[in-house]
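Residues in the sequence shown are numbered from 1 upward in steps of one, following our numbering. Backbone N, C-alpha and C fix where the C-beta goes; we use that ideal spot for every residue, glycine too. Written out below as structure tokens is the structure these notes cover.
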Amino acid sequence: MNDMMRGIFPVLQSPFGEDDALDIESLRSQVDFCVERGSHGLVFPVLASEFQFLTDAERRAGVEAVVDANGGRVPVVAGVAGTSTAVAVGYAKHAAGAGADAVIALPPYVSTASQDEVVDYFRAIATAAERPVFVQNNPPGVPPASVARLIREIENVDYVKEEAPPSAHNISDILENVQGANVGVFGGASGRWMLSELERGASGFMPAAFTVEVYVGIWDAWQGGDSQKARDLFDRLMPLINLTGLLGISAYKELLVRRGVFPTARMRQPGATRLDQVDLREIDEVLARLEPLLQS
Numbered sequence: 001m002n003d004m005m006r007g008i009f010p011v012l013q014s015p016f017g018e019d020d021a022l023d024i025e026s027l028r029s030q031v032d033f034c035v036e037r038g039s040h041g042l043v044f045p046v047l048a049s050e051f052q053f054l055t056d057a058e059r060r061a062g063v064e065a066v067v068d069a070n071g072g073r074v075p076v077v078a079g080v081a082g083t084s085t086a087v088a089v090g091y092a093k094h095a096a097g098a099g100a101d102a103v104i105a106l107p108p109y110v111s112t113a114s115q116d117e118v119v120d121y122f123r124a125i126a127t128a129a130e131r132p133v134f135v136q137n138n139p140p141g142v143p144p145a146s147v148a149r150l151i152r153e154i155e156n157v158d159y160v161k162e163e164a165p166p167s168a169h170n171i172s173d174i175l176e177n178v179q180g181a182n183v184g185v186f187g188g189a190s191g192r193w194m195l196s197e198l199e200r201g202a203s204g205f206m207p208a209a210f211t212v213e214v215y216v217g218i219w220d221a222w223q224g225g226d227s228q229k230a231r232d233l234f235d236r237l238m239p240l241i242n243l244t245g246l247l248g249i250s251a252y253k254e255l256l257v258r259r260g261v262f263p264t265a266r267m268r269q270p271g272a273t274r275l276d277q278v279d280l281r282e283i284d285e286v287l288a289r290l291e292p293l294l295q296s
């Protein structure tokens, strides 16, 4: 590949209305919010999108809406993870037909697959999608050598979203294992180890969408050779990363409400954290300190 995907690819959250239905219009608004603030790509639906709590019809409709709202402005990476190869292949074919530029998948996530089964799973996804494939290596994850095997053995498996701890070390190990290959390794986990991962050769990041312009600012500063500015911006963002890491996707959505993207922070995930008044005040405090960095 001559034109590797790089940069900040925010993961879109799934907005739900008061009737608990997927709110397609708010999903489309989130696309505009991210692209207008400089995102280099878009990702939907994956773990931070609550993909496992969407119906099959919602997953397909959501991908179609994101591709349509984006209108070719930036690459769209469609989540196609499935409980089995057959399920994932169905999503991969749909994503390709909908116009996604790439696909991303966890390994089978209900039953634990053998290493050979994981290879067969990703080979089937790559064949069905006929476009670049990201391997999402989520905790507890598989060893870097196993990720490298997927890249070496399967055509179109050209990218990794590495977020199994220690992710920065894993990025180094993966790149060491695939020397000579044209591969992009992205960081996840809300960019918590973004600077260390950049030092080790990360090609991009897939954080949540609520402060996408700050992540873009960090990326641009680093790529422009101003590592001190990148660190200063990162230090200002870190309290929010820590807070959302504690509270989870409920906080992601509350922040999108505060920023005028979602009308409601409704969750569908069973057992999701219910934000109380102390949480909401803490979000107010942290967000206020970031306000000078945020676009209106």
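Query: Can you find the residues in the same chain that come closer than 8 Å, C-beta to C-beta, to ALA48, ignoring five residues on each side of it along the sequence?; Result: VAL11, GLN13, ALA208, ILE249, TYR252
Query: List the endpoints of the continuous alpha helix (DSSP H) containing LEU42.; Result: LEU42 -> not in any alpha helix (DSSP H); beta strand (DSSP E) instead, spanning 42-44.
Query: Just the Cα atoms here: how many angstroms apart are PRO139 and ALA145?; Result: 15 Å
Query: Using CA atoms only, rank isn't needed, just tell me which of ILE283, ARG266, ILE151 is closest to PHE53.; Result: ARG266
Query: Run through the DSSP bridge pairs and tell me what ILE104 is partnered with.; Result: GLY79, PHE134
Query: With distances taken Cα to Cα, identify the nearest neighbour of VAL87 among LEU150, ARG60, GLU18.; Result: ARG60
Query: Closer than 8 Å is the cut-off here; do at least three beta carbon pairs connect the segment 123-132 with the segment 142-156?; Result: yes
Query: Compare the Cα-Cα distances from ARG316 to each of VAL160, GLU254, PHE262 and report the closest residue.; Result: Since the first residue of the chain shown is 1 and the last is 296, residue 316 is not available in this structure.
Query: Tell me which residues share the same chain as SER29 and place their Cβ nearer than 6 Å to its Cβ, disregarding the 5 neighbours each side in the sequence.; Result: VAL261
Query: Would you mind reading off the limits of the beta strand (DSSP E) that contains GLY245?; Result: Note, GLY245: premise wrong, no beta strand (DSSP E); alpha helix (DSSP H) at 227-247.
Query: Check for me: the alpha helix (DSSP H) holding VAL178 runs from which residue to which?; Result: Segment: none, VAL178 is in no alpha helix (DSSP H) and carries neither H nor E.
Query: Tell me whether the beta-carbon of ALA98 lies closer than 7 Å to the beta-carbon of VAL133.; Result: no
Query: In or out: VAL135 buried (at least 16 other Cβ within 10 Å) or exposed?; Result: buried
Query: Please report the Cβ distance between GLU64 and ALA96, rounded to the nearest whole angstrom; I am assuming they are in contact, meaning their Cβ atoms lie under 8 Å.; Result: Not quite, the Cβ-Cβ distance comes to about 12 Å (not below 8 Å), so this is no contact.
Query: Kindly indicate which residue of PHE51, ASP220, GLU176, ASP232 has the alpha-carbon position closest to the one of ARG268.; Result: PHE51
Query: Closest by CA to LEU280, which one among MET4, ALA57, VAL257?; Result: VAL257
Query: Using the C-alpha atoms, what's the distance from MET5 back to ASP220?; Result: 15 Å
Query: Residues bridged to ILE8 by DSSP?; Result: PHE205
Query: I'd like the span of the beta strand (DSSP E) that includes GLU162, first residue to last.; Result: 157-162
Query: By Cβ distance, which residues of its chain are closer than 8 Å to VAL214, with the 5 residues on each side in sequence left out?; Result: LEU233, ARG236, LEU237, LEU290, LEU293, LEU294
Query: Could you check the C-alpha separation between ALA114 and GLY71 for me, to the nearest Å?; Result: A small fix is needed here, since residue 114 is Ser in this sequence, not Ala. Spanning the two alpha carbons is a distance of roughly 39 Å.
Query: With DSSP as the reference, label GLY217 as helix, strand or coil.; Result: helix
Query: Considering only C-alpha positions, which residue in the set ALA92, LEU198, PRO15 is nearest to SER172?; Result: LEU198
Query: Looking at GLY188 and TYR159, is the spacing between their C-beta atoms short of 7 Å?; Result: no
Query: Considering only residues of the same chain and omitting the five flanking positions on each side of VAL43, which have a CB-CB separation below 6 Å?; Result: PHE9, VAL11, VAL77, MET206
Query: Going by DSSP, what residue range makes up the alpha helix (DSSP H) through GLY90?; Result: 85-98
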